[in-house]
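What follows is a single structure, written as structure tokens, with notes after it.
Number of protein chains: 2
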Amino acid sequence: MSRVRVQHFTVSLDGFATGEGLSFEQPFGHAGERLHQWMMATRWWHELTGQPGGAGGIDDTFVRQFAHGIGAEIMGARKFGPPGWQDDPDWKGWWGPNPPFHTPVFVLTHRPRAPLEMEGGTTFHFIDAPPAGALEAARAVAGGQDIRLGGGPTMLREFLAAGLVDDMHVVLVPILLGRGVRLWDGLEGLEKDYAIEMVSSPGGVTHLTFSRAGASR
Amino acid sequence: MSRVRVQHFTVSLDGFATGEGLSFEQPFGHAGERLHQWMMATRWWHELTGQPGGAGGIDDTFVRQFAHGIGAEIMGARKFGPPGWQDDPDWKGWWGPNPPFHTPVFVLTHRPRAPLEMEGGTTFHFIDAPPAGALEAARAVAGGQDIRLGGGPTMLREFLAAGLVDDMHVVLVPILLGRGVRLWDGLEGLEKDYAIEMVSSPGGVTHLTFSRAGASR
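From first to last, the protein sequence lines stand for chains A and B. The letter at position 8 of the first sequence is residue 8 when you use our numbering, and the numbering goes up by one with no holes. The letter at position 150 of the second sequence is residue 1150 when you use our numbering, and the numbering goes up by one with no holes.
The structure is reproduced here in structure tokens:
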């Protein structure tokens, strides 16, 4: 059964998944890299970025789920590029010629463009669709494997509100960003649909897993 | 050195410390008892309320810090009673004739009244003062011991914003209340002043401790 999964989606203690003032120089705005330092410390990240070293352990174990069993990703427009990328026909995403997805990736945007085939198996498809429609498109090409919801917070909230998320891994970082885009707004009672576990890691973050019995279809 | 402490202050995953619709019947509004079930499961709570049983372990260890070394409490008006208690000259708090504080307690209110001496060493003092002034009043009677900030979220936020909190224990419960009063609003960068630890408990909550080097005076 194909499941819809969210993986190592990171929020501050006050619930912000991204800061204010997103730009090419600051993809997460005033948050900078503070939300993701825990991830950059893992051995998985070091391997992905061609650096030696990095830490094993629970944080590394969680991030290594990233690609397992995933057949396609869906991401919001604000993840694909800085504000205004839609006006730049040459923008191909943040990730260079060989993005780390290696599957079809559906970018939700009100201004669709032609698909973009990258090295390594990643193809970006640009679609203007509500959550259910995007999921249908992703499943059609995922070969029965799971769908990753890649964020940002706005699209995730929409999928959660629509009841379309089966498994969600959220990482809580003990910083207070104060401003930006919140993940948790408008989701009263979300816990009723999930078994939830919390586990703190020696790396200084807390991992939350939301697991729903049975997949969303 | 006398420290200013916050103890087992509980918030939902979306940061709410109390729900909407506070009343005599529902002191935490639509949140009901869901924020505090973890605490009611401890042996400490069972002892306090005259019930047998209850669980030991990390949750119990944390709540047992409640009275240790505390010389006075400061609480917000909305903790002392349901909306409108100021109009009821006979209202003496939620806690019966022998409240669990056993120290002077300063209730912050714009409508002060005469002090209320209860059994067991608790005296309620009603004062109209900003955070620093309330702290001064509490310290004057605390015999050199620590001051507990009893909440709710509004008064806590004010003390945090004023830089007057030395130690804070916050308990995170994995539910989404969606509405109510938030603890974390307007506290960007709070983490800079504290060493922060997070530890999840088998009881299903996560304990956060904020510790400042050196007391606030």
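C-beta: ideal position from N, C-alpha, C; glycine also. These numbers were taken from a predicted model, which means no experiment stands behind them.
{"query": "Could you name the residues of the same chain whose beta carbon sits closer than 6 Å to that of B:Glu1119, not counting the 5 residues immediately before and after it, in chain order?", "result": "Pro1097 and Asn1098"}
{"query": "Return the first residue and the last residue of the beta strand (DSSP E) that B:Met1001 is part of.", "result": "No beta strand (DSSP E) contains B:Met1001, which DSSP labels as neither H nor E."}
{"query": "Using CA coordinates, which residue listed in B:Gln1007, B:Lys1079, B:Asp1087 and B:Trp1044 is at the minimum distance from B:Leu1108?", "result": "B:Lys1079"}
{"query": "Would you please verify whether the beta carbon of B:Ser1200 is less than 8 Å from any beta carbon of chain A?", "result": "yes"}
{"query": "Among B:His1008, B:Ile1127 and B:Lys1192, which has the Cα closest to the Cα of B:Pro1112?", "result": "B:Ile1127"}
{"query": "So for B:Arg1182, helix, strand or coil by DSSP?", "result": "strand"}
{"query": "Using CA coordinates, which residue listed in A:Trp184, A:Pro174 and A:Gly143 is at the minimum distance from A:Gly151?", "result": "A:Trp184"}
{"query": "Can you pull the chain B residues whose beta carbon is under 9 Å from the beta carbon of A:Arg179, in chain order?", "result": "Glu1188"}
{"query": "So does the stretch 1050 to 1067 of chain B actually touch the stretch 1006 to 1022 of chain B, counting three or more Cβ pairs closer than 8 Å?", "result": "yes"}
{"query": "Please classify A:Asp90: is it buried, with 16 or more other beta-carbons within 10 angstroms of its beta-carbon, or exposed?", "result": "exposed"}
{"query": "Could you tell me which of B:Gly1180, B:Asp1193 and B:Val1173 sits nearest to A:Val199, measuring between CA atoms?", "result": "B:Val1173"}
{"query": "Just the chain A side, please: which residues come within less than 7 Å of B:Glu1158 by C-beta, in chain order?", "result": "Correct list: empty, because the minimum Cβ distance to chain A is about 16 Å."}
{"query": "DSSP state of B:Thr1123, grouped into three classes?", "result": "strand"}
{"query": "Among the candidates B:Arg1034, B:Val1004 and B:Phe1024, whose CA atom is the shortest distance from the CA of B:Val1205?", "result": "B:Arg1034"}
{"query": "In whole angstroms, what separates the C-alpha of B:Ala1222 from that of B:Trp1044?", "result": "What is shown of chain B runs 1001 to 1217, which leaves residue 1222 of chain B out entirely."}
{"query": "Give me, in chain order, the residues of the same chain whose beta-carbon lies closer than 7 Å to that of A:Pro153; leave out the 5 immediate sequence neighbours on both sides.", "result": "Ala17, Thr18, Val181, Arg182 and Leu183"}
{"query": "Please report the straight-line C-alpha distance between A:His102 and A:Leu48, rounded to a whole angstrom.", "result": "13 Å"}
{"query": "Terminal residues of the continuous beta strand (DSSP E) containing B:Ala1137?", "result": "Looking at the DSSP string, B:Ala1137 is not in any beta strand (DSSP E); the run it does join, the alpha helix (DSSP H), is Pro1131 to Val1141."}
{"query": "Just to confirm my understanding: we take B:Ala1077, look at its own chain, exclude 5 residues before and 5 after, and list those with CB closer than 7 Å. What are they?", "result": "Val1107, Leu1108 and Thr1109"}
{"query": "Select from B:Arg1179, B:Ala1041, B:Asp1087 and B:Phe1210 the residue whose C-alpha is nearest the C-alpha of B:Asp1014.", "result": "B:Arg1179"}
{"query": "Residues of chain A with CB under 8 Å from B:Ser1174, in chain order?", "result": "According to the sequence shown, residue 1174 of chain B is Pro rather than Ser. In chain order: Glu191, Ile196, Met198 and Leu208."}
{"query": "Tell me the DSSP secondary structure of B:Gly1029 in three-state form.", "result": "helix"}
{"query": "Based on DSSP bridge pairs, tell me the residues matched to B:Phe1016.", "result": "B:Arg1182"}
{"query": "How long is the line joining the alpha carbons of A:Gln192 and A:Ser23, rounded to whole angstroms?", "result": "A small fix is needed here, since residue 192 of chain A is Lys in this sequence, not Gln. Going from the Cα of A:Lys192 to the Cα of A:Ser23 covers about 37 Å."}
{"query": "For B:Val1063, which three-state DSSP category applies?", "result": "helix"}
{"query": "Can you give me the start and stop residues for the alpha helix (DSSP H) that A:Thr209 sits inside?", "result": "It is not in any alpha helix (DSSP H) - A:Thr209 instead sits in the beta strand (DSSP E) that spans Thr206 to Ser211."}
{"query": "For A:Leu13, go through chain B and note every residue whose CB falls closer than 7 Å to its CB, in chain order.", "result": "Trp1184"}
{"query": "Please look up how many angstroms separate the CB atoms of A:Ile147 and A:Ala138, rounded, as I've assumed it's under 8 Å.", "result": "5 Å"}
{"query": "Using the three-state DSSP reduction, which class does A:His46 fall into: helix, strand or coil?", "result": "helix"}
{"query": "Let me know the secondary structure DSSP gives B:Asp1090 once reduced to three states.", "result": "coil"}
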